[in-house]
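**Q**
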Amino acid sequence: MDPTSAVARTEHLVLWSRLGTRFRVADLERMLWDEHSLFEYWAHIVPVDDYDIHRESMRRFRRQVPGESGRRVYWREWMAANATFRRYILRELRRRGPLRTRDLEDRAVEGWQTGGWNDQGKSTAMMLELLWARGEVMVAGRDGQLRLWDLAERSLPIGRPRSSPTAIARRVVEGQLRARGVATPRQIGWTFDGRPPGWDRALDRLLREGVAIPARVGDLKGPWYVHADVADRPFRPRTTLLSPFDDLVSDRDHTEALFDFRFRIEIYVPKAKREFGYFVLPILHGERLIGRTDARFDRATSVFHVNAVYAQEGAPADAGAAVRRTIQELADWRGATEVRFTREVPTIWRSQLT
4 MDPTSAVART EHLVLWSRLG TRFRVADLER MLWDEHSLFE YWAHIVPVDD
54 YDIHRESMRR FRRQVPGESG RRVYWREWMA ANATFRRYIL RELRRRGPLR
104 TRDLEDRAVE GWQTGGWNDQ GKSTAMMLEL LWARGEVMVA GRDGQLRLWD
154 LAERSLPIGR PRSSPTAIAR RVVEGQLRAR GVATPRQIGW TFDGRPPGWD
204 RALDRLLREG VAIPARVGDL KGPWYVHADV ADRPFRPRTT LLSPFDDLVS
254 DRDHTEALFD FRFRIEIYVP KAKREFGYFV LPILHGERLI GRTDARFDRA
304 TSVFHVNAVY AQEGAPADAG AAVRRTIQEL ADWRGATEVR FTREVPTIWR
354 SQLT
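Just so we're aligned: 251 in the working numbering is position 248 of the sequence shown, and the numbers increase by one with no gaps anywhere.
Quick look at the structure:
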C-alpha cells in the first residue's frame, strides 16, 4: 500500500493490472471491512487465511529479542513507560471503537521522541502503530484517507489454534515460490519481520516432493527454483501497466536480472534529477518489460495525462497499439473523459500512440 495516487492508489492499481477493468474498488473494500476476508498489516493487504503466519510476527514483536538494538529497544522502553496510555487506548476502542486517531487523547507520560523533525504530537499515532504491529488493534475502516482503528479481536480470528512452526514455514516458502514464478533461495521464505524458523528445511522438503523444481535461468547464477504448478500453467500473454510498487518490479535486482530492465521509483527524487518522471508505470507486454510511461490522472478535469512514454531498447515496433489500448483501459477505469499525450513518445510507436 502507498498513498501516492498520481494515477490511483497502488493497491488498487496492482489489482487493476491483474484483473483489468473487472476490478472494482468497492469489491476490495467489501472484502476488507464487511467480509473480513482481507486485512491491512505492515502497509500491505493480506488474506485472513494467512493470519496464522502474521500472528507469529505479532507475537515476536511483543517479545524481547536477545541482542536487539536501535529502534526496537526504544519502542519497547517507550511502550513500558506509557503502559497507562496503552490501556486507555484499548479501553476507549473497546467502548467507542472504531475511532480515528484524533478521536483519542494524547495521554502519553513520555512523549514520542526519535529525533525526527516531526516527533511533536505523534504519541497517539505511534502508540496505535505499535499496537497494530503487536496485533492488538487493526485498521477497521477508513473515513476518507483517515484510518479507523478498532480492537483486532473484532475482525480477526484471534481464537484460532496456532499452526506449528513447520506448517508455517512450509506455507511461507511454498506461497512465495508460487507467487515469484522463479526465484533463488535468497528471495523466498520471508515474512514482514524476517524468516520463520525452519524455512530452509521446508524448501528442502518441497524439493524432495517435487513441488519445487530446479530451473536454469539463462546464464544467471543459481540455484533457481520454480513451483510445479507454475511450470505446468498455460501462459496467456497480455499487455498492461504496473504500479511502481508492484511486486513484479519491487525487487530491483531481481527485475533487472530477469528482464534486463533497470527500474527505480523517482517519486522522492527532486524533479530536476528524475530520469523518467514522477509516477512511472512499467509496461508489461507478454513476458517482457518493454518500456515505461509517466502518467497522471487529473480528477478535477477528468483528463488522463500521459507525460511521456519510453520504449526499451529492442522493444517490438508492433507493440504500440497494445500499449495505447492498455493506457486507454486504465484511463477508462479511472473515469477519464480524455487521454492527452505529450509529444514525448517513442518514434517506433508514435503513429499508434498519438
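Built from N, CA and C at the ideal position, the CB exists for glycine as well.
If you check the beta carbons only, do Arg103 and Leu151 fall under 9 Å apart?
**A** Here the question's residue 103 lines up with position 100 in the sequence shown. Here the question's residue 151 lines up with position 148 in the sequence shown. Yes, Cβ-Cβ distance for Arg103 and Leu151 is below 9 Å.
**Q** What did DSSP end up calling Tyr228 once you bin it into helix, strand or coil?
**A** Looking up residue 228 in the sequence shown gives position 225. For Tyr228, the three-state secondary structure derived from DSSP is strand.
**Q** Determine the direct distance from the alpha carbon of Val76 to that of Leu22, and round the result to whole angstroms.
**A** Numbered from 1 along the sequence shown, position 19 holds the residue referred to as residue 22. Numbered from 1 along the sequence shown, position 73 holds the residue referred to as residue 76. Straight-line Cα distance between these residues: approximately 43 Å.
**Q** Output the distance between the C-alpha atoms of Tyr271 and Ala9, rounded to the nearest integer angstrom.
**A** Stepping through the sequence shown from its first residue, residue 271 is reached at position 268. Stepping through the sequence shown from its first residue, residue 9 is reached at position 6. Between Tyr271 and Ala9, the C-alpha separation is close to 13 Å.
**Q** So is the beta-carbon of Trp19 under 8 Å away from any non-hydrogen atom of the ligand MG?
**A** The ligand content of the structure shown is nil, which means the ligand MG is not present either.
**Q** Tell me the DSSP secondary structure of Trp115 in three-state form.
**A** To locate residue 115, count along the sequence shown from 1; it is residue 112. For Trp115, the three-state secondary structure derived from DSSP is coil.
**Q** Quick one: is Ile38 buried, meaning 16 or more other Cβ sit within 10 Å of its Cβ, or exposed?
**A** Within the sequence shown, the letter at position 35 stands for residue 38. The residue you asked about is not Ile; residue 38 is Glu in the sequence shown. Glu38 comes out exposed.
**Q** Figure out for me which residue from Val112, Arg89, Leu131 and Met82 has the closest Cα to the Cα of Arg105.
**A** Locating residue 105 in the sequence shown gives position 102, counting from the first residue. Of the candidates Val112, Arg89, Leu131 and Met82, the one whose C-alpha sits nearest the C-alpha of Arg105 is Leu131.
**Q** Is the beta carbon of His57 closer than 9 Å to that of Val68?
**A** For the purposes of this step, residue 68 is identified with residue 65 of the sequence shown, where counting begins at 1. For the purposes of this step, residue 57 is identified with residue 54 of the sequence shown, where counting begins at 1. No, these two residues do not count as a Cβ contact at 9 Å.
**Q** Quick check on this structure: which residue in His257, Ala182, Gly114 and Gly100 has the alpha carbon closest to the alpha carbon of Ala86?
**A** Along the sequence shown, read from residue 1 onward, the residue named residue 86 stands at position 83. Closest option to Ala86, Cα to Cα, is Gly114.
**Q** Could you tell me whether the Cβ atoms of Trp336 and Trp19 are closer together than 9 Å?
**A** Counting from one through the sequence shown, the residue named residue 336 turns up at place 333. Counting from one through the sequence shown, the residue named residue 19 turns up at place 16. Result yes, Cβ atoms of Trp336 and Trp19 sit closer than 9 Å.
**Q** Taking the alpha-carbon positions, what's the Glu108 to Ala128 distance?
**A** Start at 1 with the first residue of the sequence shown, and residue 108 comes out as number 105. Start at 1 with the first residue of the sequence shown, and residue 128 comes out as number 125. When rounded, the distance between both Cα atoms is 10 Å.
**Q** Could you check the C-alpha separation between Ala196 and Trp227 for me, to the nearest Å?
**A** Taking the first residue of the sequence shown as 1, we reach residue 196 at position 193. Taking the first residue of the sequence shown as 1, we reach residue 227 at position 224. The sequence shown places Asp at residue 196, rather than the Ala named in the question. Computed Cα separation, rounded: 24 Å.
**Q** What are the boundary residues of the beta strand (DSSP E) that Leu287 is part of?
**A** Stepping through the sequence shown from its first residue, residue 287 is reached at position 284. Element bounds for Leu287: Val283 to His288.
**Q** Consult DSSP for Ala376 and reduce its assignment to one of helix, strand or coil.
**A** What is shown of the chain runs 4 to 357, which leaves residue 376 out entirely.
**Q** So for Trp202, helix, strand or coil by DSSP?
**A** Counting from one through the sequence shown, the residue named residue 202 turns up at place 199. Looking at Trp202 - three-state DSSP - the assignment turns out to be helix.
**Q** Hey, which unbroken runs of the alpha helix (DSSP H) at 4 residues or more fall wholly within the segment 144 to 183?
**A** 168 to 183
**Q** List in chain order: all unbroken alpha helix (DSSP H) runs of 4+ residues lying wholly within the segment 66 to 101.
**A** 74 to 84 and 86 to 99
**Q** With three or more C-beta pairs closer than 8 Å as the rule, is the segment 337 to 351 touching the segment 25 to 45?
**A** no
**Q** Taking just the CA atoms, how far does Ser246 sit from Trp45?
**A** Mapped onto the sequence shown, residue 45 falls at position 42. Mapped onto the sequence shown, residue 246 falls at position 243. Their backbone Cα atoms lie some 18 Å apart in a straight line.
**Q** Give me the Cα-Cα distance between Arg89 and Trp202, rounded to the nearest whole angstrom.
**A** Taking the first residue of the sequence shown as 1, we reach residue 89 at position 86. Taking the first residue of the sequence shown as 1, we reach residue 202 at position 199. Near 34 Å, if we compare the C-alpha coordinates of Trp202 and Arg89.
**Q** Could you check which residue in Ile171, Gln315, Ser253 and Arg12 has the C-alpha nearest to that of Gly147?
**A** Within the sequence shown, residue 147 is the residue found at index 144, counting from 1. Of the listed residues, the one whose Cα sits closest to Gly147 is Arg12.
**Q** Among His47, Met61, Gly118 and Glu95, whose alpha-carbon lies nearest the alpha-carbon of Arg74?
**A** Locating residue 74 in the sequence shown gives position 71, counting from the first residue. Of His47, Met61, Gly118 and Glu95, the residue nearest in Cα terms is Gly118.
**Q** Distance check for Ser158 and Arg145, CA to CA, integer angstroms please.
**A** Position 142 of the sequence shown, counted from the first residue, corresponds to residue 145. Position 155 of the sequence shown, counted from the first residue, corresponds to residue 158. C-alpha separation (whole angstroms): 14 Å.
**Q** To the nearest angstrom, report how far apart Val309 and Glu14 are at their CA atoms.
**A** Counting from one through the sequence shown, the residue named residue 309 turns up at place 306. Counting from one through the sequence shown, the residue named residue 14 turns up at place 11. Each residue's Cα considered, the two are about 21 Å apart.
**Q** What are the residues that DSSP puts in a beta bridge with Glu341?
**A** Residue numbering aside, residue 341 sits at position 338 when the sequence shown is read from its first letter. Its beta-bridge partners are Val306.
**Q** Helix or strand or just coil, what does DSSP make of Tyr271?
**A** The sequence position of residue 271 within the sequence shown is 268, counting from 1. Three-state result, Tyr271: coil.
**Q** Quick check on the burial criterion: 16 or more other C-beta atoms within 10 angstroms. Buried or exposed for Phe238?
**A** Start at 1 with the first residue of the sequence shown, and residue 238 comes out as number 235. Exposed, since its Cβ has fewer than 16 Cβ neighbours within 10 Å.
**Q** Does Asp263 pass the burial test, meaning 16 or more other C-beta atoms within 10 Å, or should it be called exposed?
**A** Mapped onto the sequence shown, residue 263 falls at position 260. It is exposed - the Cβ of Asp263 has fewer than 16 other Cβ atoms within 10 Å.
**Q** Pairs of beta-carbons, one from the segment 206 to 217 and one from the segment 281 to 288, closer than 8 Å: are there three or more?
**A** no
**Q** Go ahead and label Ser126 buried or exposed: buried means 16 or more other beta carbons lie within 10 angstroms of its beta carbon, across all protein chains shown.
**A** The count along the sequence shown starts at 1 and reaches residue 126 at position 123. Ser126 is buried by the Cβ-count criterion.
**Q** Can you name, in chain order, every residue of its own chain whose Cβ lies under 7 Å from the Cβ of Ala327, other than the five neighbours on each side?
**A** Residue numbering aside, residue 327 sits at position 324 when the sequence shown is read from its first letter. Looking at the sequence itself, residue 327 is Arg, so the reference to Ala does not match. Only Gln355 and Leu356 meet the Cβ criterion.
**Q** Looking at Arg204 and Ala172, is the spacing between their C-beta atoms short of 9 Å?
**A** Position 169 of the sequence shown, counting from 1, holds the residue named residue 172. Position 201 of the sequence shown, counting from 1, holds the residue named residue 204. A contact, by the Cβ cut-off of 9 Å.
**Q** Can you tell me where the beta strand (DSSP E) holding Arg295 begins and where it ends?
**A** Locating residue 295 in the sequence shown gives position 292, where the first residue counts as 1. Unbroken beta strand (DSSP E) run through Arg295: Arg291 to Asp301.
**Q** Per the DSSP calculation, Leu244 is bridged to which residue(s)?
**A** Position 241 of the sequence shown holds residue 244. Its beta-bridge partners are Ile286.
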